[in-house]
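**Student:**
2 protein chains.
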Amino acid sequence: MTSQPRYFWEDFGVGSVREFGAHTLGRDEIVRFASEFDPQPFHLDEEAGRQSLFGGLAASGWHTCALVMRMMCDEYLLDSSSLGSPGLEQLKWQKPVLVGDTLHVRMTVTDARPMTSKPHIGLVRTRWEALNQRDEVVLVMEGWNMFRRRDVPAP
Amino acid sequence: MTSQPRYFWEDFGVGSVREFGAHTLGRDEIVRFASEFDPQPFHLDEEAGRQSLFGGLAASGWHTCALVMRMMCDEYLLDSSSLGSPGLEQLKWQKPVLVGDTLHVRMTVTDARPMTSKPHIGLVRTRWEALNQRDEVVLVMEGWNMFRRRDVPAP
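So the sequences go chain by chain: A and H.
According to this note's numbering, the first sequence holds residues 1 to 155 in order.
According to this note's numbering, the second sequence holds residues 1001 to 1155 in order.
#1: Spatial neighbours of residue 110/A within its chain, please: CB distance less than 6 Å, with the 5 preceding and 5 following residues excluded, ordered by chain position.
#2: Please state if the CB of residue 1062/H and the CB of residue 1037/H are separated by a distance shorter than 8 Å.
#3: Expressed to the nearest angstrom, what Euclidean distance is found between the alpha-carbon atoms of residue 1051/H and residue 69/A?
#4: How many Å lie between residue 1001/H and residue 97/A at the Cα?
#5: Give me the DSSP bridge partner(s) of residue 1090/H.
#6: Give the secondary structure of residue 1053/H by DSSP, where H, G and I count as helix, E and B as strand, and everything else as coil.
#7: Going along chain H in order, which residues have a C-beta closer than 9 Å to the C-beta of residue 40/A?
#8: Between residue 87/A and the rest of its own chain, which residues show a CB-CB distance below 8 Å, the 5 nearest in sequence each way excluded?
#9: What's the C-alpha gap between residue 1134/H and residue 1033/H?
#10: Using a C-beta to C-beta distance shorter than 8 Å, which residues of chain H count as neighbours of residue 90/A?
#11: If you draw a straight line from the alpha carbon of residue 1082/H to that of residue 1146/H, how long is it in whole angstroms?
#12: Helix or strand or just coil, what does DSSP make of residue 68/A?
#13: Could you name the residues of the region 129-141 of chain A whose beta carbon sits closer than 7 Å to any beta carbon of chain H, in the order they occur along the chain?
#14: Compare the C-alpha of residue 1072/H against each of 1019/H, 1137/H, 1149/H, 1152/H and name the closest.
#15: Hey, out of 99/A, 154/A, 105/A, whose CA is closest to residue 30/A's CA?
#16: Does residue 1112/H come out as helix, strand or coil in the three-state DSSP assignment?
#17: To the nearest angstrom, report how far apart residue 45/A and residue 64/A are at their CA atoms.
#18: From which residue to which residue does the beta strand (DSSP E) around residue 131/A run?
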């Protein structure tokens, strides 16, 4: 991209909360993801799902993570100065995600600081929660993202 | 499955190490995953990848996680009494995964205990590392899995 992104490090204020996204999971996409990456019976077969702790055909936890990532991309990441992420400090699959569930994301900025070694880059610590149509939190992730800064040009 | 699985909680001894898997990432699968779940330019386009911190067209971190999951499934999970996972305590994307890299997994059992509330289920704490063809660790995950026990039948 040659144009300037809309969001830089300075735009992720500590304490800010943002809710976004809406994705309803169909049976076919759950089975397709699981067939490729996580072919455990409770992610492939309705009867196996019902007999599992999940109580129904359940999306792979990695599928849920990937869908949250897509909602993050569409909401802000693709129009930002993001440089990627070094990782997460926690990832909790709190409730099953079943066929027909509609997920959205609640994002809370919990910390932010410039990088010591590269002051034109800032770190943002974020908690992302995925919620279903009953506003139950199904997934919690906390971790860091790197963004270029608007106010400190690259050397 | 009506037959007994091969691996139960008792088979994951603390300190045991196991290496397995071999997956070479092609350009097309990197772009296909990223197009659906993580369409940031450095995951879609070679030139954007070269200009990024990754230094080349890089797989989405979630793609790497999903591939590790698949290698875990093929190595032991599908023939085990696994009941799923409550989550991870850490997830580090330590190095970029680029087109042509071949990944495998090193799994180390770091802790194990029966569940207090459900003694027929055991928890296993594991560190999974994904390594590339130069034996560089590209991904580290640590977390818990639940398995039924061989020696304590369900009530």
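In this text, a Cβ means the ideal position worked out from N, Cα and C, and glycines have one as well.
**Tutor:** For this structure:
#1: 125, 127
#2: A distance below 8 Å separates the beta carbons of residue 1037/H and residue 1062/H.
#3: 22 Å
#4: At residue 1001/H the pLDDT is 47, less than 50, meaning the model places this residue with poor confidence and gives no usable figure here.
#5: 1142/H
#6: coil
#7: 1073, 1077, 1078, 1082, 1084
#8: 143, 144
#9: 24 Å
#10: 1087, 1088, 1089, 1090
#11: 6 Å
#12: helix
#13: none
#14: Checking every option, the nearest Cα to that of residue 1072/H belongs to 1019/H.
#15: 99/A
#16: strand
#17: 18 Å
#18: For residue 131/A, the uninterrupted beta strand (DSSP E) segment begins and ends at 121-131.
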